[in-house]
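To keep things clear, I will list the structure first and then write my remarks on it.
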Amino acid sequence: MSTRLGVALLFGLVACVDAPSTIDTVTVTVPRGATLRAVAESLASQDVVESASLFRFYATLKGQGRAVQAGTYDVPRNASIGTVLSILVAGRPAERRLTIAEGLTLVEIGGAIEAQLGIPAESVLAAARDDSLGRVLRVRGATLEGYLYPSSYLVPVGASARDVVRQMVVEFQRRWNPAWDARLKALGLSPDELVTLASIIEGEVRYPPDRRYVSSVYHNRLALGMRLQADPTVIYALGRRRRLFERDYQTRSPYNTYRIDGLPPGPIGSPSDKSLEAAIYPARSPFLYFVARPDGKHVFSRTYAEHLRTIREVRSAPPARREPTEASRR
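Each residue of the sequence shown is one higher than the one before, starting from 0 at the first, in numbering that gives the first Met the number 0.
In structure tokens form, the structure reads like this:
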């Protein structure tokens with residue numbers, strides 16, 4: 000084994016072509032406590048610089064021999080020694096993009112993070128269920144489900160599951176409108192109840208203009224003591240997305256709003272800010288029922304008899320790709 004290769008392995012300096020950036024970019028990891036000599040030898044072994052000695056000499060000449068920061072960096076393979084040193088001294092680590100879609104459950108988010116960043120899904124779930132992290136972030140829910148804001152993120156290479164979860168919760172909190180606090184008191188809802196309701200709306204609505212009307216149905220039902228009977232809660236209780244059958248509505252779960260009164264014990268996914276707004280500012284309507292058409296739009300009804308007629312009409316419509324979903328069955 001060559002000296003250069005041995006040093007690289009000893010300090011865990013990793014280099015690879017970075018597909019998300021450019022083909023000439025190398026990912027270089029500088030461990031904490033690595034000496035300038037070790038860093039220089041690793042850079043040379045990876046063809047980032049031509050000479051380890053020249054890199055050390057230049058860094059020392061510039062008075063930056065001890066200024067190299069630990070971290071993982073994207074370094075252009077053909078960059079000058081000065082550029083390479085500047086990158087390592089600036090301490091701005093390489094980042095990877097993470098994209099989380101709206102409405103994903105915690106388990107689905109864990110899978111997405113593992114697929115995109117290589118962080119084990121189990122670690123993400125453990126972080127989101129860690130009471131101590133929830134307290135630090137001042138989230139009162141039993142877990143952080145619902146508070147991992149769906150968006151695109153730039154995540155530093157080497158970030159831990161806790162780092163990513165924290166970044167997503169902080170983004171949720173950044174998007175929280177302070178005006179909602181007073182509105183919550185008027186509605187008699189806690190922040191966690193709002194997020195829970197918004198997550199159900201997110202799971203139900205495909206046609207954005209329907210959000211506030213779906214919200215109004217849920218608010219009206221809560222006010223009258225009616226069960227929400229929301230299909231997305233049944234799907235969450237089952238633990239996987241699929242078409243629902245009659246037997247599924249009898250699933251024993253605290254999240255199944257066909258069997259429980261009021262809201263489930265927590266969010267069933269990560270709602271968008273639009274669904275949060277709809278949950279806190281529902282439309283004023285007399286509706287208590289709705290059914291989804293094959294195109295994703297909803298038809299709203301005031302009475303159960305009217306609702307049954309609507310269901311028959313929807314089911315008798317020409318076949319479409321997606322079966323209509325009843326949000327309220329009685």
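Glycine included, every Cβ here is placed at the ideal spot set by N, Cα and C.
Note that the coordinates shown come from a computational prediction; the quantities given were computed from them, not determined experimentally.
* With DSSP collapsed to three states, give me the class of Thr256. => Taking the sequence shown and counting its residues from 1, the one referred to as residue 256 is at position 257. It is coil, neither helix nor strand.
* **Counterpart residues of Gly70 in DSSP-defined beta bridges** => Taking the sequence shown and counting its residues from 1, the one referred to as residue 70 is at position 71. According to DSSP, which records beta bridges pairwise, Gly70 is partnered with Val29.
* **Any alpha helix (DSSP H) of 4 or more consecutive residues that is wholly inside the region 156–189** => 160–174, 178–186
* For Leu84, the first and last residue of its enclosing alpha helix (DSSP H) -> Counted from its first residue, the sequence shown places residue 84 at position 85. It spans 80–89 - the alpha helix (DSSP H) in which Leu84 sits, taken as one unbroken run.
* To do: Could you check how far apart the C-beta atoms of Pro266 and Glu144 are, in whole angstroms? I think they sit under 8 angstroms.
  => As a working note, residue 266 is residue 267 in the sequence shown. As a working note, residue 144 is residue 145 in the sequence shown. Going by Cβ atoms, the distance from Pro266 to Glu144 rounds to 5 angstroms, so yes, they are a contact pair.
* **Selection from Glu203, Thr232, Leu147 that minimises the alpha carbon distance to Ser252** => Locating residue 252 in the sequence shown gives position 253, counting from the first residue. Taking only the C-alpha atoms, the option nearest Ser252 is Thr232.
* Asked: Going by beta carbon distance, what residues of the same chain come within less than 6 angstroms of Asp247, once the five residues before and after it are set aside?
  -> Residue numbering aside, residue 247 sits at position 248 when the sequence shown is read from its first letter. Same-chain partners within the cutoff: Val233.
* To do: Mind the definition here: the region 74–84 touches the region 131–139 only if three or more C-beta pairs lie below 8 angstroms; say whether that holds.
  => no
* Going straight from the alpha carbon of Ile108 to that of Leu53, what length do you get? -> The count along the sequence shown starts at 1 and reaches residue 108 at position 109. The count along the sequence shown starts at 1 and reaches residue 53 at position 54. Looking at the two C-alpha atoms, the distance is approximately 46 angstroms.
* Asked: Is it buried or exposed for Gln249, if we count other Cβ within 10 angstroms and need 16 for buried?
  -> In the sequence shown, the residue the question calls residue 249 occupies position 250. Answer is exposed; the Cβ neighbour count stays below 16.
* To do: Check each candidate in Ser41, Asp260, Arg220 and name the one with the smallest Cα separation from Pro285.
  => Here residue 285 refers to the residue found at position 286 of the sequence shown. Selected option, being the one with the closest Cα: Arg220.
* Beta-carbon separation of Ala197 and Leu275 under 8 angstroms? -> Your numbering for residue 197 matches position 198 in the sequence shown. Your numbering for residue 275 matches position 276 in the sequence shown. In this structure, Leu275 lies closer than 8 angstroms to Ala197 by Cβ.
* Asked: Which residues mark the beginning and the end of the alpha helix (DSSP H) in which Tyr288 is found?
  -> One-based indexing of the sequence shown puts residue 288 at position 289. Not the alpha helix (DSSP H): Tyr288 falls in the beta strand (DSSP E), residues 288–291.
* Would you grab the beta carbon distance between Val27 and Tyr72 for me? Rounded to a whole angstrom, and I think it's under 8 angstroms. => For the purposes of this step, residue 27 is identified with residue 28 of the sequence shown, where counting begins at 1. For the purposes of this step, residue 72 is identified with residue 73 of the sequence shown, where counting begins at 1. Going by Cβ atoms, the distance from Val27 to Tyr72 rounds to 5 angstroms, so yes, they are a contact pair.
* Asked: Within this structure, are the beta carbons of Ile99 and Pro149 separated by less than 8 angstroms?
  -> Here the question's residue 99 lines up with position 100 in the sequence shown. Here the question's residue 149 lines up with position 150 in the sequence shown. Yes, these two residues count as a Cβ contact at 8 angstroms.
* Express the C-alpha separation of Met167 and Ala291 in angstroms, rounding to a whole number. => On the sequence shown, position 292 is the one that residue 291 refers to. On the sequence shown, position 168 is the one that residue 167 refers to. In a straight line, the C-alpha of Ala291 is about 31 angstroms away from that of Met167.
* **Ser284 - DSSP class collapsed to helix/strand/coil** => The sequence position of residue 284 within the sequence shown is 285, counting from 1. Here Ser284 sits in coil by DSSP.
* Can you name the start and end residues of the beta strand (DSSP E) that Leu97 belongs to? -> To locate residue 97, count along the sequence shown from 1; it is residue 98. Per DSSP, Leu97 belongs to the beta strand (DSSP E) from 94–98.
* Candidates Arg174, Trp175, Tyr152, of which the one nearest Val164 by Cα -> Indexing the sequence shown from 1 puts residue 164 at position 165. Out of Arg174, Trp175, Tyr152, Tyr152 has the C-alpha closest to the C-alpha of Val164.
* **Reduced DSSP category for Pro299 - H, G, I as helix; E, B as strand; rest coil** => As a position in the sequence shown, residue 299 is number 300, starting the count at 1. As written in the sequence, residue 299 is Phe, which differs from the Pro given in the question. Three-state DSSP puts Phe299 in a strand.
* Asked: Going straight from the alpha carbon of Tyr217 to that of Pro263, what length do you get?
  -> Taking the first residue of the sequence shown as 1, we reach residue 217 at position 218. Taking the first residue of the sequence shown as 1, we reach residue 263 at position 264. Their Cα atoms are separated by approximately 13 angstroms.
* Is it the case that the Cβ atoms of Glu201 and Glu101 are separated by a distance below 8 angstroms? -> Taking the first residue of the sequence shown as 1, we reach residue 201 at position 202. Taking the first residue of the sequence shown as 1, we reach residue 101 at position 102. Result yes, Cβ atoms of Glu201 and Glu101 sit closer than 8 angstroms.
* Asked: Going by C-alpha distance, which of Leu116, Gly110, Gln172 is nearest Arg95?
  -> Position 96 of the sequence shown, counting from 1, holds the residue named residue 95. Minimum Cα distance to Arg95 is reached at Leu116.
* **Whole-angstrom distance between Ala229 and Ala304, CA atom to CA atom** => Against the sequence shown, residue 304 aligns to sequence position 305. Against the sequence shown, residue 229 aligns to sequence position 230. One C-alpha to the other measures close to 19 angstroms.
* Asked: Looking at C-alpha atoms only, which residue of Val138, Glu113, Tyr212, Glu40 is the closest neighbour of Lys273?
  -> Looking up residue 273 in the sequence shown gives position 274. Of Val138, Glu113, Tyr212, Glu40, the residue nearest in Cα terms is Tyr212.
* Asked: Does Val313 get closer than 8 angstroms to chain B when you measure Cβ to Cβ?
  -> Note that chain B does not occur in the displayed structure, where there is just one protein chain.
* To do: Helix, strand or coil for Val154, going by three-state DSSP, please let me know.
  => For the purposes of this step, residue 154 is identified with residue 155 of the sequence shown, where counting begins at 1. Residue state, collapsed to three classes: strand.
* Just confirm the distance between the C-beta atoms of Val88 and Val67, as a whole number of angstroms; I'd bet it's less than 8 angstroms. => Taking the sequence shown and counting its residues from 1, the one referred to as residue 88 is at position 89. Taking the sequence shown and counting its residues from 1, the one referred to as residue 67 is at position 68. The pair is a contact, with the Cβ atoms about 6 angstroms apart (cut-off 8 angstroms).
* Give me whichever residues DSSP pairs with Pro330 in a beta bridge. => Only positions 0 to 329 of the chain appear in this structure, which leaves residue 330 out of reach.
* **Terminal residues of the alpha helix (DSSP H) in which Pro231 lies** => Taking the sequence shown and counting its residues from 1, the one referred to as residue 231 is at position 232. First-last of the alpha helix (DSSP H) with Pro231: 230–237.
* Beta carbon of Leu124 nearer than 8 angstroms to that of Leu105 -> Translated into positions along the sequence shown, residue 124 becomes position 125. Translated into positions along the sequence shown, residue 105 becomes position 106. The answer is yes: Cβ separation under 8 angstroms.
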